[in-house]
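Single-structure report; data block below.
Numbering (this note's numbering), first residue to last: 13 to 618.
Laid out in structure tokens, this is it:
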């Protein structure tokens with residue numbers, strides 16, 4: 013039987029209401045008014061300076077919904093069925109809510125999905141009013157999403173876009189995002205005398221000021237971390253650099269190391285230190301401790317001077333330049349390589365290019381959450397169509413690069429409840445400061461994209477999927493063909509990946525012709541990769557065979573507890589060569605330029 017009701021909860025909360033200090037409140041509101049006026053004036057000044065009219069629909073959402081509406085109106089029977097279903101659900105909800113108000117137990121009509129943190133506060137279940145608000149929202153959300161998904165005759169891209177932006181709307185309208193329909197916020201407001209809302213408004217203005225008029229939500233305490241001091245601290249030296257990257261060689265921690273060095277190619281959409289956050293979760297530190305001579309490429313944060321740098325330049329000045337530098341640093345002409353996400357896409361392209369030249373310096377390749385076949389690119393594909401690409405090219409042409417914040421917003425939208433709305437509630441409604449979190453600090457340390465490179469990547473990979481076509485892409489004047497790559501390959505994908513869906517990454521097992529080891533980790537694009545053995549978290553799956561179907565692979569796969577890292581080391585050690593005395597950075601053909609993590613990674617986009 014329910015122990016509370018809306019009236020008694022409200023009375024109890026009212027008794028605990030704290031009266032605000034009028035002097036402090038007045039001072040805070042005066043400060044807020046002054047800052048708000050300044051923001052408005054800055055916005056108007058920027059608008060007057062910019063003579064280019066902004067697009068009313070830069071994401072090309074309107075056309076998708078117009079097409080969906082037209083198809084829906086052509087099937088009135090479907091609309092009627094959906095309306096009747098919603099009406100019946102609401103009638104059931106009314107009946108069960110009435111039962112609860114009369115003191116009886118009643119099964120919920122709709123319940124949040126497991127792991128939905130929006131409704132964790134006990135009042136969402138115990139208080140009849142808030143339970144009704146919650147279920148009413150869930151019913152409406154379910155109805156809206158199922159209705160648009162049942163519209164017939166929409167092409168796949170339009171259907172995916174409609175579904176994605178419907179979910180964005182549904183997430184935005186959650187009752188947890190509003191003061192009067194969030195019981196935790198209401199309770200805090202009454203207990204603090206509204207100080208949480210004043211502090212939240214101040215936090216909102218801080219974010220607007222930091223974003224120069226655009227909302228830049230603060231996800232973590234950025235003052236709690238400093239690159240090179242408490243993150244990215246694995247000892248090493250920068251031993252080579254060019255316009256696009258610095259090459260870091262890490263200091264060995266074992267007396268003996270494998271002959272073949274390890275080259276890590278991170279994505280240049282983010283900073284490399286996702287693999288070197290803190291000692292307890294640093295893949296780089298762990299790899300060094302296994303007896304590997306580790307080199308990592310730290311990409312530059314490009315500005316307008318690098319606008320003309322192409323995908324091809326990233327290959328020549330990235331992994332190919334690194335291979336030359338590693339030979340000078342160690343005397344070794346053969347290496348094992350890792351590519352993470354976009355870095356893996358570059359690694360696969362580089363391997364295909366090297367094949368045309370008879371270059372066999374990379375003896376094994378590991379791919380972390382890497383797309384090569386972009387035919388099923390997941391929800392990121394909703395941002396790729398001709399209208400959006402044209403708008404993006406026009407935007408980049410002004411500065412020569414894409415702002416890092418633009419990419420960050422795109423990725424955050426893929427997990428809006430976790431990466432947007434949870435912070436809206438915490439920072440603006442609860443008036444709290446975000447807590448220190450190394451991964452979110454890294455997530456906010458975004459990088460810019462050179463215009464020429466980014467246009468090539470989006471058009472050739474995401475829009476036209478030419479990388480998997482033999483000869484579909486030309487690099488260095490020669491057409492490349494992934495199907496000619498015979499290097500032994502280890503593919504690590506993650507089951508809940510929202511950026512590189514694992515079933516899409518699995519397609520590479522049917523493209524490359526060398527020995528394949530495919531490994532699937534639990535969790536997502538970051539947590540599934542950055543999962544040290546000591547944490548004893550998650551699990552992973554392996555299967556010695558690689559059938560055509562990803563579902564068939566998983567059905568026959570064996571599940572293992574814990575981290576996949578030892579599984580990978582067992583594989584790469586077979587390609588590492590005999591053990592030799594450890595190598596110190598700067599002792600051979602390359603001199604030390606500066607200590608790790610180097611200067612390139614310290615450059616922020618904000």
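Where a beta carbon is used, it is the ideal one built from N, C-alpha and C, also for glycine.
From a predicted model like this one, the values you see are computed outputs, not experimental measurements.
For the beta strand (DSSP E) containing residue i, list its first residue and its last residue.
i	result
residue 573	570 to 573
residue 510	From DSSP, residue 510 is part of no beta strand (DSSP E); its letter is neither H nor E.
residue 261	257 to 262
residue 431	That residue, residue 431, is in no beta strand (DSSP E); it is neither H nor E in DSSP.
residue 619	The requested residue 619 does not occur in the structure, where the chain is confined to residues 13 to 618.
From the DSSP output, read off the bridge partner residues of residue i.
i	result
residue 501	377 and 528
residue 463	Residue 463 pairs with nothing; no bridge assigned.
residue 353	DSSP output for residue 353 lists no bridge partner at all.
residue 606	250
residue 593	268
residue 239	243
residue 554	531 and 570
residue 413	462
Residue i and residue j: beta carbons closer than 7 Å?
i	j	result
residue 380	residue 541	yes
residue 195	residue 142	yes
residue 346	residue 375	yes
residue 112	residue 140	yes
residue 365	residue 215	no
residue 239	residue 614	yes
residue 535	residue 518	no
residue 378	residue 350	yes
residue 258	residue 610	yes
residue 426	residue 391	yes
residue 302	residue 612	no
residue 462	residue 273	no
residue 414	residue 408	yes
residue 348	residue 510	no
residue 527	residue 500	yes
residue 333	residue 251	no
residue 428	residue 219	no
residue 173	residue 76	yes
residue 145	residue 193	yes
residue 232	residue 449	yes
residue 287	residue 295	yes
residue 84	residue 197	no
residue 495	residue 523	yes
residue 482	residue 261	no
residue 243	residue 355	no
residue 468	residue 322	yes
residue 256	residue 312	yes
residue 594	residue 267	yes
Among the options, whose alpha-carbon lies nearest the alpha-carbon of residue i?
i	options	result
residue 263	464, 246 and 257	246
residue 229	352, 438 and 561	438
residue 168	493, 388 and 567	388
residue 4	537, 370 and 415	Lying before the first or after the last residue shown, residue 4 is absent from the chain, which here runs from 13 to 618.
residue 148	116, 82, 108 and 114	108
residue 513	499, 532 and 78	532
residue 271	299, 305 and 287	305
residue 464	319, 427 and 470	319
residue 459	130, 283, 175 and 127	283
residue 285	520, 79 and 455	455
residue 152	164, 172, 187 and 174	187
residue 115	138, 316, 489 and 276	138
residue 599	356, 312, 218 and 248	248
residue 578	603, 557 and 545	545
residue 280	144, 442 and 466	466
residue 170	395, 505, 523 and 557	395
residue 539	566, 529 and 504	504
residue 253	310, 453, 416 and 419	310
residue 472	515, 397 and 154	397
residue 561	593, 571, 516 and 595	516
residue 470	199, 403 and 411	403
residue 291	556, 547, 603 and 590	547
Tell me which residue opens and which closes the alpha helix (DSSP H) that residue i is part of.
i	result
residue 146	140 to 161
residue 521	Counting along the chain, residue 521 falls outside any alpha helix (DSSP H), and DSSP gives it neither H nor E.
residue 616	Counting along the chain, residue 616 falls outside any alpha helix (DSSP H), and DSSP gives it neither H nor E.
residue 621	With the chain running from 13 to 618 in the structure shown, residue 621 is simply not present.
residue 75	73 to 85
Mind pulling the alpha helix (DSSP H) runs of 4 or more residues that sit fully within the segment 444 to 493?
450 to 456 and 463 to 469
4-residue-minimum alpha helix (DSSP H) runs that sit fully inside the segment 299 to 378, ordered along the chain:
Complete alpha helix (DSSP H) runs here, min 4: 323 to 327, 333 to 342 and 354 to 369.
Entirely enclosed beta strand (DSSP E) segments - the segment 197 to 240, minimum 3 residues:
none
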